[in-house]
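Position 137 of the sequence shown, counting from 1, maps to 165 under this note's numbering, and the rest follow consecutively.
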Amino acid sequence: MVTKRVWLMLAALIILPMSAAACGFGEKSAEGYENTAVQHAYQHWNQGASSAVPFVFIDVRTPEEYAEGHIEGAMLIPVQELAERISEVPKDVQVYLYCHSGRRSANAASMLAKAGYTNIENLLGGITAWKEATHPVVKP
Numbered sequence: 029m030v031t032k033r034v035w036l037m038l039a040a041l042i043i044l045p046m047s048a049a050a051c052g053f054g055e056k057s058a059e060g061y062e063n064t065a066v067q068h069a070y071q072h073w074n075q076g077a078s079s080a081v082p083f084v085f086i087d088v089r090t091p092e093e094y095a096e097g098h099i100e101g102a103m104l105i106p107v108q109e110l111a112e113r114i115s116e117v118p119k120d121v122q123v124y125l126y127c128h129s130g131r132r133s134a135n136a137a138s139m140l141a142k143a144g145y146t147n148i149e150n151l152l153g154g155i156t157a158w159k160e161a162t163h164p165v166v167k168p
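Here it is in structure tokens:
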């Protein structure tokens, strides 16, 4: 009986950290932002205004890509314009950045971290992963 309990505890100690990593937790990059899994970002987005932690989604793709479909409520700030529009990004909320696949949003996250932002998350897989998970997108 004790052996079974010990095995269960060991399994829990191994599985829980792996689950947290799969959800995007604890993946802080050297540049000062966190990479996050789609499911974690979706759960936060789905809470909407009732979320205990205020947040904003920022789409860093081009206006043309944004028009093809974006996460509802997302601000559009193309990565090429981020340096000049950085004052539009709130510092007091959780900031989720996304693009098509995650590369441009990682660059944007790095720019924000260098500018002193601390609550930055890069959506791994971008809008592509969001759509593959069958989460909703809207078109203007």
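Ideal placement from N, C-alpha and C gives every residue a C-beta, glycine not left out.
Cα-Cα separation, residue i to residue j
i      : j      : result
Asn74  : Glu109 : 28 Å
Arg113 : Thr156 : 25 Å
Cys127 : Thr90  : 9 Å
Ala50  : Thr64  : Confidence is the limiting factor: at Ala50 the pLDDT is only 42, short of 50, which leaves the residue's position unreliable, though a coordinate-based value still follows. Rounded to the nearest angstrom, the two C-alpha atoms are 9 Å apart.
Tyr94  : Asp120 : 25 Å
Pro82  : Asn147 : 11 Å
Ala69  : Asn150 : 9 Å
Gly130 : Pro168 : 22 Å
Met139 : Pro164 : 28 Å
Glu62  : Leu104 : 20 Å
Thr162 : Ser115 : 32 Å
Ala137 : Ile99  : 18 Å
Tyr124 : Gly154 : 10 Å
Gln67  : Lys159 : 11 Å
Reference residue i, options the options, closest by Cα
i      : options                         : result
Ala77  : Gln67, Gly101, Leu125 and Glu92 : Gly101
Pro106 : Glu96, Glu92, Gly97 and Pro118  : Glu92
Alpha helix (DSSP H) segment containing residue i, residue limits
i      : result
Ile99  : Segment: none, Ile99 is in no alpha helix (DSSP H) and carries neither H nor E.
Gln122 : Not the alpha helix (DSSP H): Gln122 falls in the beta strand (DSSP E), residues Gln122 to Tyr126.
Leu169 : Look at the range of the chain in this structure, 29 to 168, and you will see that residue 169 is not part of it.
Val66  : Val66 to Gln75
Ile155 : Gly154 to Glu160
Counted within 10 angstroms of its Cβ, other Cβ atoms place residue i as buried (16 or more) or exposed
i      : result
Asp87  : buried
Arg6   : In the structure as shown, the chain starts at 29 and stops at 168, and residue 6 therefore has no counterpart that could be examined.
Gly144 : exposed
Gln71  : exposed
Phe85  : buried
Residue-level contact to chain D via CB, residue i, 9 Å cutoff
i     : result
Asp87 : No chain D is part of this structure, which consists of one protein chain only.
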